[in-house]
Every structure is written in structure tokens, then in C-alpha cells.
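Those sequence lines, one after another, are chains A, B, C and D.
Just so we're aligned, residue 1 is where the first sequence starts under my numbering, counting upward by one.
Just so we're aligned, residue 1001 is where the second sequence starts under my numbering, counting upward by one.
Just so we're aligned, residue 2001 is where the third sequence starts under my numbering, counting upward by one.
Just so we're aligned, residue 3001 is where the fourth sequence starts under my numbering, counting upward by one.
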Amino acid sequence: MAADIKIGCFLCRCYGEVSRVIDLDELQQEIIRFPWVAFCEIWDSLCLLENIDELTQKISESGTDRILLAACSPLARGDVILHALERHGINQASVELVDIREGCAWIHDNQPKEAMCKARDLINMGLSALKQREVSENQIIVPKREVLIIGAGPAGMSAAVSLARLGFAVHVLDRARNPGGLLNLLKRIAPEDIGAEEDLHGLHKAFTNNALVYYHPGARLISSNGSVGDFAVEFKTGDNLHSVRVGAVIIASGARVMFAKGLYRYTELDGVVSGIELERRFLSGDVRADNVVFIQCVGVRDVNSPYCSTICCPVSLKHARQLKDLNPQAEITILHRDIMCPGNILEAYYRDTMQDGVKFVRFDLNNPPSIVGDERLEGVNVFESVTGISRTIRADLVVLSSALVPHDDAARIAEIFDLALDPLGFYQVRTLMHPLETTRNGIFVCGSARWPVLARTAIVQGEAVAMKAFALLSQDSLAASGMSQFRDRKIAHAIVDRDACTGCGNCVAICPYVACALEPENGAFKSRVNIMRCTGCGSCVAVCPNGSIQLPEQNARVIGAMLKNAFS
Amino acid sequence: MSIVNDARAIVKKLLEEKQLDGVLGLSCKHDEPVPFVFESPEEVDSLVLEPKWLFAKLAMNIVRTSPADFRLGIVCRGCDERALIELIKRNQLDEKRIHVIGMACSREQAEACLCTRPYPAIPHLGEKVQGVDPREEETAKAFLEGETIDRMQRWTKELARCIKCYGCRNSCPICVCVPCKLEDDLWVRRGEIPADMVSYHLIRAFHLSDTCVACGGCTDACPVGIPLMLLQIAMRESLAKEYEYEAGTDPGRLSPVLSDLFVEPCEVYEEPGWPDSFKVSDET
Amino acid sequence: MKLEFVKTICPYCGTGCGLLLQVRDSRVVTTLPDKKHPVAKGTLCIKGWAAHEFIHHPDRLTQPMLKKGDIFQPIPWDEAIGLAATKFKETAEKYGPDAVAGLSSAKCTNEDNYLFQKLIRAGFMTNNVDHCARLCHGPTAAAMSQALGSGAMTNSITDFVGADCIMMFGSNAAETHPIIMGEIYKGKDQGATLIVVDPRRTEVARNADIHLQIRPGSDIPLIGGMMRHILDNKLEAKEFIKERTEDFAELKNFLKEWSVRKASEECGISPDQLRQVAQIYARAGEAMIVFCMGITQHACGTANVFAICNLAMLCGHVGSAHSGICPLRGQNNVQGACDVGALPNVYPGYQSVADLVMKDKFERAWGRPLSDKPGMTVTEIISSSGTGIRALYIMAENPLLSDPNQNHVIESLPKLDFLVVQDIFLTETARFADLVLPGSCFAEKTGTFTNTERRIQLLHKVVDPPGDAKDDFTILCMLGRALGLDYDYTDPAQVMDEMAEVTPIMAGVHFNRLGSAGLQWPCPADDHPGTRFLHAGKFTRGKGLFVVPGYTPPKEMPDKDYPFTLITGRMFSHYHTGTMTRRSSFLNREVDKAFVEINPDDADAHGIQDGDKVRLSTRRGSISTTARITPRMNRGAIFAPFHFSEAPANALTIEELDPISKIPEFKACAASLVKE
Amino acid sequence: MMKDLKQDSNGVKSEAGNTPRVIVFACKWCGLIGADAAGRKHAQLPAGFRVIPVECASRIEADAVIRAFSSGIDGVIVLGCHLGGCRFNAANHRTAKKLKLLYPLLETVGIDSKRFLLSFGTAHEHHQFEDLINRFYQGLQRLAPMDAWSGSYLSEMGQR
């Protein structure tokens, strides 16, 4: 590291908050002695507006290349200062913020001697870190103003429409022949209880005749390259290959209705049908049934697929009511484990259904209902977990409510885009805080691809991701800034020393963002980091056997120097 | 004795049938066994199997410096085979270009090495014998058991003898990094013996935590007799316990510590009011 | 893809570990330990692992060079040899035979050394041949051969395992002979008490049971005190003394003056500790003494060794499997070089030149008239350059860095009429040469090395010397023939056979017998298995001789101008003058700059911080180096390694010679240290 | 190092009332927020610990922890986000697994596992950070000092 580096120091009294515990003047005397310290000043405060202007002026005049601020924690006012400096064109990487208020003065104010000595150490650590720090080079790209949407269900369509409305061209890939996704199979929609077509109408219209929406029916994804701001995606419709360059990708590939083969003698007895079949009968209009039994939680909420697909309860309620409308005398029983109807609207929907005279019987997982009847359906035997009585309910139609399961091609798409799937096979979202982001920057997920949702929610989510994509692509340029830090503070991304790299592949294996890749280089392999993908978490640094991959801003020498000066 | 003859027969056959371009093994002309690449069946008569010799790194260098179509056979023991597999997993070696002629070690050898698995996946030579449990062995016990403070003193005493010959690293079949962190002032202070003990030895040991095949090369190569291999035992055991993972046994399986908890879960210690902590802070 | 491994012997210290050098397209690419080697058993030290690194270094000399004006110009071999021969002849005729001298090398094989000393002796009829043993174990050879009859290590390295007490005087084996240290630790683990006498708190000292941190150069008082205590408490081995030694009375007499109290004051050790140590050593069933430069490199070096011999004989701890006296030889073949007579006072096999019978024998063997006048030693040769000595032939030595008071050497060398240096690199010394001959390194020659335990081991040629360089054997033969000697050997084996004829102790040694384990001399007959330990039952000289050690404290004691005692020595990653190790990237990375070790309190007192540039001065000269602050130094003592030509410790050392063996006092001189 | 040596005799240690020296590697997203929160409520903590902020706990290589111990530090804490809530897409899972392997090693050479704490999920929970530091210190107090390493050996080597 350059030994001739000059560091300017500012110590903040914070109007006595710090200085009543720590003797800053003494510190100043010590600090100023270091050859690499250009100057050291004590201010009453650094964070007020006028301070900041003064500060920036001071810094630019002093001509020092690194700045140390000994003040409060970044969460208090620290980041305000850093952010302000950034705006004045002072790279945050060249500024070190040492927290001597929350981190020292306030938690040790009953032991000033130790606090003093700790403050000294913290500042030493800061200085040594500054000396060792490097600044990672930055890569700017101009994002493509187009978006790729996979799937044309409610989610996909609404996303497409709202993006188009914002003036973005969207390519929508659909595995089906015409847009609408699962909605096309439905007659009515829960809980609003309106006709699917009429509900869809507006969306459909906005979608189909829209100059900015390029709809590719029967499309099949082939490959993807690049990263946030500029993805190159190839797909086929029929035999002809298309390739598009887009700035962001929205995955709205939806989910699949479970095929309950072998459960409750489904496909053995004609009387036993799935919810989706019932829908078909509604559409064709030939539904005749006096005794109908619905069975909930088919194939879900058990050890194999331990999740609630959330839509089945509302759907069954919807079906029950439709049947009641057709035949008010019909005896309708819903066998359930719990009725999942969160929120006021669904709750109301549930109550109304009860009032309509639909019976609800609770069973439990350990002895589930069984179908009675040999060649033709006679009834359903159920053990009521509430009363503990087991009885047989007559039925000429048994409906197995159909759960949604991850779509078959989810895994394929995930592979093409290097995305992670959660243990159930739905798309992994980044964290609680980033519910619509997948594990890769610039790729979003919405609708039932992310998690089974009702049409309305899917539409809302579609609009939401549209906004996300818009926020991303409406910037005129993207920097490789990893994840946005507190207040969008720029953070490091990893770089590889190609000479030292042994090509062991640890970084590739561990990178949570698939940012590392191995490239053959005269016989051996060398790792390379895609800095647009890299978020600077540093996992790779920790597993690199010989430190050939580093985060410049916090390279091993920085950590080493801080350790060395931690207690001096 | 017969093992040697079997070995020679197998190697001869492989070479005659041109299945391999060379076989790496020990050649003993005038009573000095040295590593040698047998390329013609005639040479094979000088092939011997003792003493225990680790060929993995050597094989790597040979394959790297030989033409791309050169296929190398290696007459090696279980530990050596596992080392080869680890090297393959780390892209240091192309598995298509090597062929292992596995040899099971004798009980004596196993005891000498404290080897838990003294045989290769497929023992072409010799009879599989039961491995030994290092924790049963007396000297090992002294280093692995007893009070913390005793172990500390025991190890300090041993490690304080280190003469920093780098033999443990050089003889390790899996240490291949150039440059090596151990030569970096940042991690290990240079120019002093005993080597900056805690850093040198623990960093070395930890770098091999999920890679060590317990071949004992480090112990054998230590001039002052520090039983370095024992540093690895506990870590290997914990990997086995948590993930049923043993380095070098499954070419297809990456080290579990490189994946997240969804893929390979491990026991997470939960302390009330103190989530996701990995250790008990106090018995009270 | 041909993979080739050649077994050979490590070129560094006297332990003589076995190496396997891997050769790929006629370059040595790696070093591996030799698992079958009797001493090393498949282990190596840091230098051993890097032994191959300097072999193909670009600095290697590739052709003979003649100095014209100030610059060297390459010349063909025949010319070079012819020139050398004529020059030497002229000088000998002009100024008489004793004007010619040769410095042989402990880095070269026994065969090379034999040919070299024969060349000087038979070629010019002078005994002015010596080598660096003078600067390490000269006193050992002198004293031990006088007291016991043989100057060599009495036992084998593996014998440390089994001793009850191991006492180390002035040896930092952990850095200088690491593999031997391993054996010593083994011995300790098997129950031996390890006692270390050293003014520095070296790694050895830290790992010892007892560490006596004596004042530099106060060994005789210490040993005197011990012996006195042993006598006072009747712990001496009366039988042994009566049966096997003589002149005991004189020792007794001498010990009168060394009361334990006086002794302890002299060496700065508490009387109790001194007594304790004496008891441990005397009571031990079998006890080993290890000693090294700390004993010998003093103006009273020979006396020190006498003292050690006395101590050992007093307790009867010599001449059995696990008790003896073990001087650890520094150079890989310093033992051999002495054995084959590269010394001014003896012919091969320690046969005195002054002894007319021997002279006669060798005159017949070599067919040339010889001189019966003992020749000059290294230090004398250098200092009388230009006066006594006119032409000098240096083979693979670097006196400029290895000899005391460098400035003096620098003045002397140019005074020579003619200086030939034969080496593998253009060493600091070679720069002063008129003629430079490119020699070969250990990997480029066949021959034998003799390690510190008298084990004669075979090394095999691995690669050819670079460019036009020739192996030393060939060069010597060419030169010999040019001087009209019968040097028509074709193979080093013939030389070994010739040696066997004229040297009884090696009479039974032939290449074909050496195999992988080698042979330990004495090996008087072709069927003799070699000797593991000496003096069994009877000393080589007959009866062990007690010689009174005359104690002289270090010449230069610290004073107010030069407040420190400077100790020079080696450290683990470098070797002697660094010619080879400084050119091995791996070793040089470990330690790349000179340093001086100083005690924290002293540092404090002089306001020196770790890593500061400091100026280290003595009355001879001064160097600029870096301070390394470590508690391993006593107050008042500082330590500087002499490997670094940019900060040569021997620019500082005093040229004070031991009266008998002429060894300089490297281990103590007054110095001052100031921050730059 | 000169400085360090003085530390041993009469430096910080005595000055800081012999409070054990602890290094805290805290991830900016949780550990640091926890520390900050503790600071805001003026929680009184032992003064012997120094926080080194990192982007994510996953950046901490075991070597750094080992280096800390080898320079005579009495304890090391690594703080990351909840194992469910890593900002970096479960990067901290790898840390958890990797550094967990350090316990057996430290235990083997006799560095008590109480000296090393690997904890996930202290964001915004000042009581937790406080509690954690205090209990860690209680743990340390109960241990024999690192002297076998730091005293007899390290100090002789002139290390801290």
C-alpha cells in the first residue's frame, strides 16, 4: 500500500456528547504525530448542513486522498454525512467513519479511561484500514429499456400492461396459445364472484391491442446471458429462433393444478372429480348433482408437500355457491382441515357461504375421509375430528379441491437464468425485505410462480413488479453497486488476482449470486467475477484458499491491519 | 510379497494393452525406491509398493506437463486415491486422464498412520483390513483428550518445536496454492521460528478442514515429530457427524460447507433469547 | 513424459540429509525428502526443501573469465588452465613454493578436496592449503585430536535417543541443524534431560529443561565450576579416569582456582543452578555433549573444547553408545574436507605433515617431493596476501563474507599477484579474482560427502553444469595435468580408491560399498561395517588426555563507546554467505533483509523501535541494518547473522585469533547501535 | 511490535483493568445495527471489545479469527443476520457452516470454544447485543487465561 498516503482526520465533539467522556484534545495530539496524518481537527458537529458544506470545502482544499471521520454510528448521523459527501463528489470508499459515540462514548461513559483507550484504538484501526484500502473499479452500463415477461397469466399480463403504459416495450413469452393462463379455464373468479371473461376483459383488451406488447404464444425459452440492465435471451416459437436484449426479466410463469392421481380413488370412479374438471363442467353447463362433497387439502399440507396452496378454500367456496345457485336444494358438504380465508373479503365470503347452507365438516390428517362405493360412488366416510364420530355422507359427486403446485418448467427456467428454487420448487425470493426479487439482480418474480395466489393478487403483484422493473430501468445508467446499502451507499465487489487463482472453484460453489465462473486459461482454470452480478457479500473471499479473490474496499490487508491495531 | 507380483502383473497388462501411456509407482533399482513412471512393460519388474508414498501431487504435475492424450495410471493407497479425488474436485487434475490401481494397506501400516480407512474404493491389490480409530490410540489420546488447559499445554509444547520447514505443507497432497497464505506476512510472521505458531498451524489445518484425507503426510514429514495430522481428526469427525461427509470418498459431492442450509442442513444451536447461535455460552 | 528422480545429498549443513531431485527435461524442478535415509528418515528442513532453487539461477557462471582492466572477459578453457598453471609455476619459482596457497572447500566433495590438496602439496611442494573448517571447527579438530585422538563427532546422530542427559553448548541446532534437533527432541521425549548453554534464548533454549543464559565467552568458568563441584562431591568416574586417561592431576590443580562461586560470578549463573546442572550431567547414566560455534568461535576456542573434553572424561561420558562429544559440523562436507587433508598441518586421514614417516609415505604415493613444514591457515593466508603469499587459488569459498574484519580482507586480496577463484556464482570474493573458473554445484557432480557423524555418502550427478562450466573434478584434473601431475583420473571412484590406499581410517571405503546408507569411518578394511561411535574401550590416541584449558575472556569487552556484545551467527532460512540461499526465491522471501536482534529494554533505552533502520558499528567498521526486537536476547548482547552481503556482519567482527587453532573470535566483540 | 511488547508489561491490559480483549466481527445489516441500538440506549458494556464492521458475516475467513487468537486476543465474536434473513441470499449459511468447523479445531488445541461465539440475528435487538456481550464476557471471566498461548509462548516470541 502506498506509504505516502495522506489522511485528514475530523473528530466530532457532538456538542459534548463525545467529548464529555473522551478527551479529544489528547487524541488529536496523538493522531497528529502519525506521519500519514495530514491534519486532525476537532469540530463541535459534523452533520449539520453548514458543517457539511464546510467539510467538503475543507477536504477539497486540503488535497488529502483519504478522510477519517470519528463521529457517531452510520445509523445515527454517520450515513447522512457520508451521503452528503458523496453528493459533493467525494467517493465513500475514501472515507472511513469511526463510530466513537454509540460505539464507545455512550456505552462506556462510566469508565472514561477505558473509553479513551478504546477510542484511540478505534481511530487507529480506522486509519490503518484507510491506508490499506483499495477502491474497486466501477462498471457502468446503460440499461436496455425493454423487459422480458415469462408467462401471460393475470400476473404477466398486468405487468406487461403497466410497463407498456410507462412506455417500455415488453416481450411476453407464453407457453399457451392465447393469453390468460389459468383464468381461461375458469367460469367465475373468487372471491369477487364475477365472470372470469368480464373481469379479464379490461386487462385482456389492454394487453392484446397494445403497440408496446410483443406477445409470443407457444414460446419456449432456450438460453439467457448477461446480467442486470442487459440480458440477452433466446427463445423459440415453433421452429424459428428469436433473441431479444432486455434490461430486466419478470417471471410470471404461474403454477400448475395438481393432478390428484390415486388420491380418493380419483380417476377410478367417475363421481370423483377435481376442482378444475368441475370448472369445465360449469363452462359446458352440464352440472347435475344433489349431494356434493368437497374434500380440501388434497395432496398438500402433508409431509411431502408441507404448504398450504391458499387458493383451494376460496375456490371450493366459490364452487359450492355456484352449485347452490344452480340447485338450491343441493346438499353440499365441505370436508376440510381448516378453512383458510384470511382477510375481511374472504372471511365475508366464507360466512355468506355458510349462510347459504353449505355444511362444513372437519377431519384431521391422521384419519382422512374415504370414498364409499365399489363400481359407482355412494358416499364419503368421514371421521369428524370435532365430535369424534365417524359417519358416511351420501354423495353423487365428490370434488377434490385442486391445489397449485410448482409448474413443471420452473426448474428449467430457473436453470436457464441461474435462479434458485425454494425447497418446494417455487422461485426463491431474495429475502423478506425483497419479496419480488429473485436471487439475481434484475430478475423479478410475481404471481403463482412465486407462490399460489388468487387472480386479483396476481394482478396486483404484476403491477408491483412492473414498478420494480421501472425503477430499475428508468435510471440512465447502472453502476455495479451490488445491493443498495443504507442510503444506496456504494459497496465493493470482488476481483480476482488471475495469477494467484488456483481454479479450485470454491468461489463458484459458494457464490450466492452465481457471479463467479471458471474460465479455462492455458491448461488450468481461473475464476472470474461478473461484477454486475456480484453483490460484494464476500463469501468467496472467505473460502478462497490463498486469498486470490478480494473485496478491494475490505481486502485481507484491511482486516489484518485492523486486527493488528485493535489493541495498541 | 505376492501383492508386489500382482501389482507388476496388473501394470504390465495395462501397459501391454496400451490402456495407459504410463504408470506412476515406486521403482526400486539398487535398493533405493524412487517414484517412477513405467512406460514399457519391461521396466515394470522394478516396481515396488513400500514405503508408503503419496503420489497425488506428483501425478498432478505429470499430467499437467504431459501431452493432452497422455493417460497416467497410479499405483496408490486409499489415502492417495482420496487425495486424487480431492484434486479432481478442485479442477487440479482431469479424471479422464488418470487411472487408479488401488492398493489396500496392511494392518501395521494402518496403525502406523492411524488410518480410519486404509483401503481405496476398489482394492485391486491386497486385502481390505479394518481401519483404526485414532481416538483409541494412546499417543493420540494424549493430544485429543483431557482438560482444555492440558491440551493447550500439550500442543504448545509440541508446536513450540516447529522449525518452519514447510514440510507439512510441501508434503500435503492437497496443498497446491501458489502463492500460499502461510508465506504471507499478513497471516504468518516471516523469518521467525518456531513459526508464528497459532497462525501457521491452525490456518494450515483449517484450510484442509473439509479437504484433509488423513494421509498423515504432514506428520511423517515433520522433522521434530509434531503429530500434525491429529489437528484434523476433530474436524473430520464433525463433518462426518453433521453431513456424513468424508473428503475424497465421493467425487461427485462438493464439500458441504460450501452450500447453504437448504441443500445440506446442519444442526443449529438455539439458545433461548439468543437465536441461531452455535455455542452454549454458559452452563448456568 | 519421462519422470526422473535422482537420489543425492543436501548441499547445506553437516547433517547430510538425503534428497530426491526431480528432473524434467534436464532441469531440476523439485526436491523431495528421501524416506529411506538413515538420518533424515524422509524429513527435511526449509533449506533442504528449497535445495534445487539456485541450481538453474541465471547468475550461474557459465564460462572461464579473465579480468582485463576492471572487466571480466570470457576466455576458452585451455587458455584459462594454461594461464593458471604458468602463473602459479612462475610465482613458485620466483618467490619459492610457500608463496603459493590454496583455499579448498567444504562445499566440494571429498574427491575434489583430495585432488585439491594433492595439487597444492605435490604441485608446488607447500602445505599452504586450508579451508573454512578453520572458521568453524578448527579448535575442535585441534583440541579433540590432542585430547582423544580424533577431532570428529564421537557418536552418531541417532544415538541421542537413549541418552539420559543431553547438554548443548553454544548450538542453535533448531536453526542450524534442524534435523539433528529432531533427534535430540526425540531423545528428550524418551527421558533425556536437555540442558542448553547459550547467551541467546534460542528456540532450543526455550524447549530445553534447563537454559543457562551465560555471558558470551564464559564457557570455561561454567565448565570449570561444574567440574569443581563434581570433584567436591566425588561424582567423577574414578575407574574411567584411572583406566583410560592421563594428566588428571593437572586438571585437579587447575580447578583449585575455580570455586563454584567464582565460576558463577564469571558466567552470570546462580551457583545453585550451576551445581544442579553439574549433578544432572555427572549422575546421568549416559550423557551426550553437543557443541557448536558458540564454543569454538572464541579466542579461547581450543581451550573451550579442551574444557568440554575434560568434563566428558571426568564423568566418563565418552566412548559408549549414547554418551560422547558431538561437535556439529557446519558445512555439508567440512568433515570430509578435513578427513582428506585440506588442512595445512595434516595429510589425508590426519597424518601429520611434520611426521617424516608420513611425508615419506606420501612422497612415494604421489611421486613428488613434499614439504614437511606446516602451511598457513585461512586467516594467515589472507592476512599475508601480497607479502608471504603471492598467488592464491580459491575453490568455492567466500572469505570476503566468511572471514573476520572484512575491510582487512578487502585490502589484502588486491595485493596478490594472481588470484584464481573457482565457484558457481560470481561471489563477492570472485570479483577480486584475476581468473574465474566456473565450477559445478552439488547436483552436477558425482562424489562423496562426509556428514558430521562421519558418514561418507554418495551423491549422484543429476544435471550437467550450465554452459561451459565443468565439474570441479574435471577442472582439477585439467589443472593438475597442466602442472605435470599424474592427474589422469576418469572417474571420482578412482580418486576414492587412491584415498583408501593412503588413509587408514578410510581404507575400506569404495564407491561400490556406499549404497544408500553410506559408511561411517573409521572403516579400516573392505569388510569393515563402519563405526557408529568412537573411543569404545580405548581412545584413539590410547589414553584420554586432560589438557588444562587456559581461560581468556573475550578480547573486546563492552565499554561506554561500544556498549553491546555483538554475537554473529546463522538463522534458519539462510546459509553462511548466502551465495546459494539468497538466490533461492523461497528462502529469500522468508527473510529478505539483514537484521540485528536486541533486547526490548535495551531497545527502549536507545529509543529503537521494531523494524527501525539502525547503524551497527564496531572499531572495525559499521553496517546499516534493521532492528528486530525480541526478548530472546539478554540485556547487553545483540545478535547479527552474517548471510547478508549488503550488511555484512563480518565487516564488524574482530580479527582476534585463537593461539592454537587460529580461529577468529566471531562470537564476541564490542559494538554500538544507533537509530538512523 | 515494540508497542505490543510494552502492552504486555504495562500497556492497555492493565490500563483497561484487565478486561479480556475481544474482537467483534459484525455484519453491517444486523450485528452493527444491534451494537448501534445498544449504544443509543447507553447500555453499559465492558470496554474490552472492538467492533470490526463487515459487509456480510460471510466475508469473515477463519484465518482472520485464528490470526486474532494468535495475536493474544481472548475472544472473537462473529455476528450475522438471522439464518433466515441474510441480505445476501443465505450467504450467512455458508459462514455458519464453515466457521462452525472452527470449534473442533480450537478445542483440539485447547482454545476453549467459549472464546469464540458465532451468532446470527442480533439486528435491531439492542437487549440481545448487550446480553450477548455481557454473557460472553462472563464466559471469558470463568476461563483460565490464554497464557499457555499468550503468556509462556506468545510473549516470549515477542507477540501480544
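We put the beta carbon where it would ideally sit given N, CA and C, even for glycine.
Using the rule of at least 16 other Cβ atoms within 10 Å of the residue's Cβ for burial, across every protein chain shown, is T2008 of chain C buried or exposed?
buried
Where in the region 3086-3128 of chain D do unbroken runs of the alpha helix (DSSP H), each at least 4 residues long, occur, reported from the N-terminal end onward?
3091-3100, 3102-3108
Residues of the region 3037-3051 of chain D with Cβ closer than 9 angstroms to any Cβ of chain A, in chain order
A3037, A3038, G3039, R3040, K3041, H3042, A3043, Q3044, L3045, P3046, A3047, G3048, F3049, R3050, V3051
From which residue to which residue does the beta strand (DSSP E) around H2211 of chain C run?
2210-2212
Quick check: does the Cβ of E2266 of chain C come within less than 7 angstroms of any heavy atom belonging to the ligand SAM?
Ligands are entirely absent from the displayed structure, and the ligand SAM is therefore not among its contents.
With a CB to CB cut of under 6 angstroms and the five nearest residues on each side skipped, what residues in its chain are close to S69 of chain A?
Note on identity: in this sequence residue 69 of chain A is Leu, with Ser being the wrong assignment. Closer than 6 angstroms at Cβ, skipping near neighbours: F10, L97.
Beta-carbon neighbours of E3107 of chain D, restricted to chain B and to distances below 9 angstroms:
T1148, R1151, A1234
Ordered along the chain, which non-local residues of its own chain (more than five positions away) have a Cβ less than 8 angstroms from that of V2029 of chain C?
Q2022, V2023, H2052
Contact with chain B by A2080 of chain C, beta-carbon distance below 8 angstroms
no
Given a threshold of 16 other Cβ atoms within 10 Å of its Cβ, counted over all protein chains shown, does L1026 of chain B qualify as buried or as exposed?
buried
Could you spell out the range, first to last residue, of the beta strand (DSSP E) harbouring C1172 of chain B?
That residue, C1172 of chain B, is in no beta strand (DSSP E); it is neither H nor E in DSSP.
Collapsed DSSP secondary structure at N2172 of chain C in the structure displayed:
coil
Taking C-alpha atoms, which residue in A:N546, A:P435, A:A561 lies nearest to F1206 of chain B?
A:N546
Cβ pair A1007 of chain B, V1075 of chain B closer than 8 angstroms:
yes
Please report the residue range of the alpha helix (DSSP H) in which C3081 of chain D lies.
Here C3081 of chain D belongs to no alpha helix (DSSP H), and DSSP marks it neither H nor E.
Closer than 8 angstroms, Cβ to Cβ, to anything on chain C: give me those residues from the region 1218-1252 of chain B, in chain order.
D1220, A1221, C1222, P1223, V1224, G1225
Report the three-state DSSP secondary structure of K1012 of chain B (helix, strand or coil).
helix
Nearest-angstrom Cα distance between L377 of chain A and V465 of chain A?
46 angstroms
Less than 8 angstroms separating the beta-carbons of G1078 of chain B and Y1119 of chain B?
yes
Please report whether the beta-carbon of K3098 of chain D lies at a distance below 8 angstroms from any beta-carbon of chain A.
yes
Residue span of the alpha helix (DSSP H) that contains H2408 of chain C, given as start and end:
2406-2412
When the Cα of S2218 of chain C is compared with those of C:L2657, C:A2627, C:I2166, C:A2303, which residue comes out closest?
C:A2303
Inter-stretch contact at 8 angstroms, needing at least 3 Cβ pairs: the region 2248-2260 of chain C / the region 2214-2234 of chain C
yes
Between which residues of its own chain and G1167 of chain B is the CB-CB distance below 8 angstroms, once the five residues before and five after are set aside?
C1218, A1221, C1222, P1223
Give the DSSP bridge partners of A2627 of chain C, in chain order.
C:V2596
Please confirm whether N2512 of chain C and G2016 of chain C have their CB atoms less than 8 angstroms apart.
no
Please list, in chain order, the chain A residues whose beta carbon lies closer than 7 angstroms to that of K988 of chain B.
The structure shown does not extend to residue 988 of chain B, since chain B is modelled only from 1001 through 1284, so no value can be given for it.
Distance, Cα to Cα, E2246 of chain C vs F2005 of chain C?
52 angstroms
Indicate the three-state DSSP secondary structure (helix, strand or coil) for Y2281 of chain C in the structure shown.
helix
Going along the chain, which residues of the region 1008-1041 of chain B sit with their C-beta nearer than 9 angstroms to a C-beta in chain C?
D1021, G1022, L1024, S1027, H1030, D1031, E1032, P1033, V1034, P1035, F1036, V1037, E1039
Applying a beta-carbon distance threshold of less than 8 angstroms, which residues of chain B neighbour P3104 of chain D?
A1234, M1235, E1237, S1238
Please determine if the region 1010-1030 of chain B and the region 544-563 of chain A are in contact, where contact requires at least 3 C-beta pairs separated by less than 8 angstroms.
no
For A3026 of chain D, go through chain A and note every residue whose CB falls closer than 9 angstroms to its CB, in chain order.
By Cβ distance, chain A contributes nothing, its closest Cβ being about 10 angstroms from A3026 of chain D, past 9 angstroms.
For T2448 of chain C, which three-state DSSP category applies?
strand
Just confirm the distance between the C-beta atoms of A1234 of chain B and T3108 of chain D, as a whole number of angstroms; I'd bet it's less than 8 angstroms.
5 angstroms
Verify the CB distance criterion: does C1266 of chain B have a CB-CB separation below 8 angstroms to chain A?
no
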